[in-house]
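Adding 249 to a residue's 1-based position in the sequence shown gives its number in our numbering.
Report on the structure given below.
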Amino acid sequence: MRKLLTVLAVLATLSLTNCGYNAIQSQDEQIKSDWSEVVNQYQRRADLVPNLVNSVKGFAQQEKDVLLGVTNARAKVGSIQATPEVLNDPAAFQKFQAAQGELSSALSRLLVVTENYPQLKSDALFRDLMSQLEGTENRITVARNRYIKAVQDYNVTIRSFPTNLTALALGYKTKANFTVDNEKDISTAPKVDFNPAPAVPSK
């Protein structure tokens, strides 16, 4: 009887190593780790926003709508709990992504406004904040790329035979990945026209 149990244990171990269970676990942990870095960099950006808003406010108080837009977008980002559970909930993931996109858009509008204030652009504090923001945006890009690759590897694993059988038996599903909101717009090549516009005849 003991010999039979030993044989069954060995067979079970061999079947586990070939069924992809360990690979699924490893890749799932890699996704969680990469997600943590994405969230970390987004938090770094969110932490910069209040100082950036205050810096601009000191020179351009009249831009209240733009400043309020950035503040509200940051508040929305802060209200979403970006836990690893978000990765298994496509709707929650989409909500997180939309909030981050809204903050990115608000920051872009803020940067456009700052072009009208030469004194602000020459302020040392503002320049330092802009440098930090630029570095953070680069880090976000790198972190997102790593996450995208980790999700791709994981999704391929759980959809490939025979590991898909293990994934099905244990309830593992594909995870959501980052998408582009305006995919249709950016996939259309921009029209370039070097012909000058016809002069309007003076009256």
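Virtual Cβ for every residue (Gly too), placed ideally from N, Cα, C.
Bear in mind the structure is a predicted one, so any value in this text is a computation, not a measurement.
| message | My output table needs one value for glutamine 381: the three-state DSSP class, helix, strand or coil. | response | If DSSP states are grouped into helix, strand and coil, glutamine 381 belongs with the helices.
| message | I need the straight-line Cα distance from glutamine 381 to glutamate 312, nearest angstrom please. | response | Spanning the two alpha carbons is a distance of roughly 22 Å.
| request: Go to glycine 350, then tell me how far its alpha helix (DSSP H) extends in each direction, as first and last residue. | output: 339–363 is the extent of the alpha helix (DSSP H) around glycine 350.
| said: If you follow the alpha helix (DSSP H) that glutamate 286 is in, where does it begin and where does it stop? | reply: Looking at the DSSP string, the run of the alpha helix (DSSP H) that includes glutamate 286 is 270–308.
| Own chain residues within Cβ distance below 7 Å of tryptophan 284, not counting five before or after | If we look at tryptophan 284 and ignore the five residues flanking it on each side, its Cβ neighbours are Pro333, Leu336, Tyr396.
| request: Given a cut-off of 8 Å, decide if valine 326 and valine 302 are closer than it, judged by their beta-carbon atoms. | output: Contact check for valine 302 against valine 326 fails: the beta carbons are separated by 8 Å or more.
| request: Measure the CB-CB distance between leucine 417 and cysteine 268 and report whether it falls below 8 Å. | output: The Cβ-Cβ distance between leucine 417 and cysteine 268 does not fall below 8 Å.
| request: Quick one: residues in its chain with C-beta nearer than 8 Å to the C-beta of alanine 392, no 5 flanking neighbours on either side, listed in chain order? | output: Counting only Cβ-Cβ distances below 8 Å, and skipping sequence neighbours, we find Asp283, Glu286, Val287, Asn289, Gln290.
| request: Using three-state DSSP, classify glutamate 334 as helix, strand or coil. | output: Three-state DSSP puts glutamate 334 in a helix.
| task | Compare the Cα-Cα distances from asparagine 426 to each of Asn394, Thr406, Leu374 and report the closest residue. | result | Between asparagine 426 and the set Asn394, Thr406, Leu374, the nearest pair of CA atoms involves Asn394.
| query | For alanine 399, is the classification buried or exposed, using 16 other Cβ atoms within 10 angstroms of its Cβ as the cut-off for buried? | reply | Counting Cβ neighbours within 10 Å, alanine 399 comes out buried, since at least 16 surround it.
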